[in-house]
Amino acid sequence: MNKIGTAQILPGEKTEGYIQFGSDIDGSPFQIPVLIATGKEDGPVVWVQGCIHGDEFGGAASIIRFFQELNVDSLKGTFIGVPVVNLPSYKDRSRISPLDGANLNRVFPGDPNGTYSLRLADKIQELIINHADYLFDLHSGGIALYCPFFTICKGGDSEAAKKSRWLSERMGTKIVWVTDSTNSVNGTVTDYVMNAGIPTVTVEVGGGVVTEEHEELFKTSIKNGMKALEMLDGDPVEFDEYEVYTKGDFIFSPAGGLFVPACEAGSKLNKGDLIGTIINLHGEVLEEIRCKEDNSFLAATGHRYWPTEMGRLIAETYS
Ligand SMILES: [Zn+2]
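Its first residue numbered 125, the sequence shown is counted upward by one per residue in my numbering.
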């Protein structure tokens, strides 16, 4: 019998269960909820996950709602939803793990003998590679930042990379960041899963409060991706032209204090344009944060008056 954790894969049914993994400090196993919907007809297996960063709740909520609304009679293949990959980080409402301080999406491929996050990376990667044909990894700006709706895929000439790009352009947004090892962050789940030949798409939407619009965009992106893969009827959204960025700049706060944004996420900026300032509790400006490249897209920026510490991610620009 085919299973993911305790959840069975049964044609024509929705099933639920847990991926049991390791143990918490009180000795009880971590139980990661998993939601499976299987069509009566064969088709691809898509793995959709949220909260690899624990404070990105929009993806988690949207996976739950998408699963509840999904009609298995109209499904070909299998949807595997994992709303919250990183339970301790989610419980802490934090981007990093309270158990070992690691950013789970920077430590892939992990280590079966490492600390919590390394072991979880190893386990999740193994499950995806063994069971899925495609991975959709849902993200947001977390509780500190806000992102417009865009997708991220890995560049390259492999079949998986080409399919990732093709899928990224059918998720419902015309904005795509195409990364490679020289312009991106390392150790992401999508890096390693795609290297195993499985096409991947990262979806970014919102941050902070999960609005109805964010939920709708996440669900639409999943639906579009599954239509593109012919798992659901209908045509995915396609655009005549795409806004493609290839270089990413992650900006970490140079000072602690309150972040005061100077422009909205999604803005087009040039080198030297002000992204925001950091003020102290006397209201004095400690630092100005400026865009480093011409023709940039502000892919994420901190919320208004967000209290930030030195070195915290406060904005992202793509160019
Ligand atoms: Zn994230």
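Cβ atoms here follow ideal geometry from the backbone N, Cα and C, with glycine treated the same way.
Helix, strand or coil for residue i, going by three-state DSSP, please let me know.
i, result
"A379", "coil"
"R414", "strand"
"F232", "coil"
"F191", "helix"
"D246", "helix"
"S420", "strand"
"E328", "strand"
"P135", "coil"
"H338", "helix"
"Y442", "strand"
"S147", "strand"
"F363", "coil"
"E283", "helix"
Sorted by chain position, which residues of the same chain lie with C-beta nearer than 7 Å to residue i's C-beta, five sequence neighbours on each side aside?
i, result
"P323", "Y258, A284, K287, S288 and L291"
"L134", "T162"
"G183", "G174, C175, L262, H263, S264 and F342"
"L199", "A161, G163, M355 and L356"
"G321", "A284"
"R414", "G396, D397, L398 and I399"
To the nearest whole angstrom, what separates the beta carbons of residue i and residue j, a pair I think is in contact under 8 Å?
i, j, result
"L410", "I402", "5 Å"
"P222", "P212", "6 Å"
"E337", "D373", "The Cβ separation is near 27 Å, so there is no contact."
"V300", "C277", "7 Å"
"S443", "K343", "Actually they do not touch by this definition, with Cβ atoms about 30 Å apart."
"I267", "R189", "Their Cβ separation, rounded to whole angstroms, is 20 Å, which puts I267 and R189 out of contact at 8 Å."
"F376", "W430", "Between W430 and F376 the Cβ distance is about 14 Å, and since that is not below 8 Å, they are no contact."
"K347", "D359", "Not confirmed; about 11 Å, so no contact."
"A389", "T432", "A389 to T432, Cβ: 16 Å. No contact."
"G205", "V172", "5 Å"
"F145", "L244", "6 Å"
"L260", "V368", "First, the residue type needs correcting, since residue 260 is Phe and not Leu in the sequence shown. Contact flag wrong, Cβ pair sits at about 19 Å."
Determine the direct distance from the alpha carbon of residue j to that of residue i, and round the result to whole angstroms.
i, j, result
"V334", "N126", "34 Å"
"M355", "N404", "52 Å"
"T314", "E137", "28 Å"
"I252", "V317", "7 Å"
"D179", "D197", "34 Å"
"D304", "H406", "42 Å"
"T441", "N310", "17 Å"
"S186", "E339", "5 Å"
"T202", "D148", "30 Å"
"N419", "E365", "17 Å"
"A439", "T130", "39 Å"
"L422", "G151", "43 Å"
"N210", "N237", "18 Å"
Leaving out five residues before and five after residue i in sequence, what residues of the same chain have Cβ atoms less than 6 Å from its Cβ?
i, result
"F273", "T297, V329 and L341"
"K247", "F145"
Cβ-heavy atom distance between residue i and ligand 2 below 7 Å?
i, result
"H177", "Absence of ligand 2 is noted for the structure shown, with ligand 1 being the only ligands found."
Going along the chain, which residues of its own chain have a beta-carbon closer than 8 Å to the beta-carbon of residue i, five neighbours each way excluded?
i, result
"E362", "E293 and R294"
"E140", "A131, P157, V158, L159 and I160"
"V208", "I156, P157, G174, C175, G178, A184 and Y214"
"G279", "A285, R289, V302, T303, D304 and T370"
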